[in-house]
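Working notes, structure below.
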Amino acid sequence: MRLHINIDHVATLRQARRTDEPDPVRAAVLAELGGADGITVHLREDRRHIQDRDLRLLLATVRSGVNLELAAASDVVRIALEIRPREATLVPERREEITTEGGLALGEGAARKKLAAALEDLKRAGIRTSLFIDPEPASIRAAAELGTDAIELHTGEYAHALLAAKGRLQADRRRADTPEEELDRIRRGAVLARSLGLDVHAGHGLTYENVMPVAAVAEIEELNIGHSVVSRAVLVGMERAVREMKDLLRQARTTPAGAREQ
Ligand code: PXP
């Protein structure tokens with residue numbers, strides 16, 4: 215299983231002072247030394263964290279490969295076509311959100327057309343494509359129809375459900391489903407996606423505490439993890455934070471479920 219480290223929040227810290235530290239490019243190099251199999255960044259339309267210059271420097275520096283998250287309707291598609299990251303993940307984007315709040319809506323209409331056009335352009339440029347979607351059968355089937363190479367299953371609802379079950383959800387959101395139900399949705403979604411020939415990634419809200427059951431899903435080949443790893447890196451350093459997450463992924467694949475602590 216590949217671990218991609220999302221380093222957006224290294225840039226968030228820098229942008230808090232509009233200065234030149236901490237540097238996301240240095241963070242990326244340290245993440246690679248800790249065992250990251252790829253570096254993920256989201257170049258948002260409002261440029262709230264990662265800047266265009268960061269992206270260009272990352273492309274020139276990162277050895278493992280960059281996964282660029284972007285919105286289909288943004289100017290970032292043009293940038294992606296020019297700089298050609300290894301992989302591009304299309305995500306929904308709203309200015310007022312704190313972070314990406316859910317998967318793409320793949321229904322009919324103008325939004326789907328924009329998505330299809332962006333996918334086609336990215337594929338033609340030789341960039342591997344992924345769509346960030348909720349683990350719902352209809353979305354997975356629609357993603358396969360659109361011809362993406364991969365999907366990234368949104369694990370945020372699972373993460374929320376676990377926090378809610380433990381009484382630790384800060385927001386006023388209340389989950390209707392249990393963590394087991396959410397996990398089951400992810401498992402079934404991963405199986406369906408594989409059966410349709412899609413590569414399966416997952417991410418959002420994954421932490422050292424909740425990652426093991428997701429990492430144990432055999433069909434999932436790649437995880438994108440940001441906030442939790444960067445948070446730990448503030449305290450113990452990036453290299454160690456990544457190594458500790460890699461160790462958990464390894465354990466998830468080698469330890470029988472019954473023997474695993476969650
Ligand atoms: N995957 C996608 C598509 C995302 O937008 C994000 C957040 O930028 C992540 C994964 C990582 O989420 P987190 O920071 O909660 O680990």
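Numbers in the working numbering are just positions in the sequence shown, counted from 1, shifted up by 214. Glycine included, every Cβ here is placed at the ideal spot set by N, Cα and C.
Can you tell me which of the options puts its alpha carbon nearest to the alpha carbon of residue i?
i, options, result
"A356", "M215, L412 and E395", "L412"
"S445", "M215, R401 and T226", "T226"
"A245", "A319, E433, D266 and I219", "I219"
"D260", "L272, P470, A373 and D289", "D289"
"L367", "K337, Y422 and V431", "V431"
"R231", "I221, R240, R262 and R292", "R262"
"L333", "V291, S353 and T369", "V291"
"S442", "G317, G419, S344 and I365", "G419"
"R382", "E235, E423, M459 and D222", "E423"
"T275", "H256, A407, A429 and P238", "P238"
"R408", "A429, P427, E433 and R401", "E433"
"A466", "V425, G440 and N438", "V425"
"G361", "I264, K327 and H223", "K327"
"T421", "N438, R240 and L273", "N438"
"L410", "L272, E359 and G451", "E359"
"R277", "Q265, D266, R267 and R240", "R240"
In chain order, what residues of the same chain lie with their CB nearer than 8 Å to the CB of residue i, ignoring the 5 residues before and after it?
i, result
"A331", "A286"
"R300", "G252, G279, V280, N281, I341 and R342"
"E453", "L244, A245, L247 and G248"
"T392", "A375 and A379"
Measuring only the C-alpha atoms, how far is residue i from residue j?
i, j, result
"A242", "A416", "20 Å"
"L304", "L284", "5 Å"
"E350", "G403", "6 Å"
"L449", "G321", "43 Å"
"E311", "R258", "11 Å"
"P470", "L463", "13 Å"
"V456", "R216", "12 Å"
"I293", "K380", "42 Å"
"R270", "I297", "7 Å"
"A319", "A352", "10 Å"
"T254", "A390", "31 Å"
"V428", "Q229", "32 Å"
"A324", "E307", "15 Å"
"P236", "A250", "19 Å"
"A302", "E458", "26 Å"
"V224", "L377", "24 Å"
"G451", "I264", "20 Å"
"D268", "R309", "20 Å"
For residue i, is the classification buried or exposed, using 16 other Cβ atoms within 10 angstroms of its Cβ as the cut-off for buried?
i, result
"T314", "buried"
"D461", "exposed"
"R399", "buried"
"E436", "buried"
"T468", "exposed"
"T369", "buried"
"R401", "buried"
"T233", "exposed"
"G440", "buried"
"D266", "exposed"
Only counting the same chain, and skipping five residues up and downstream in sequence, which positions put a Cβ closer than 6 Å to that of residue i?
i, result
"E396", "E371, Y372 and A375"
"I347", "G317, L318, S353, A357 and I365"
"H256", "D222 and E283"
"K337", "T343"
"L329", "A286"
"E394", "none"
Excluding sequence positions up to five away, which residues of its chain have a Cβ less than 7 Å from the Cβ of residue i?
i, result
"A339", "L295 and R298"
"D363", "R342, T343, S344 and D413"
"L273", "V280, I297 and P299"
"A447", "A455"
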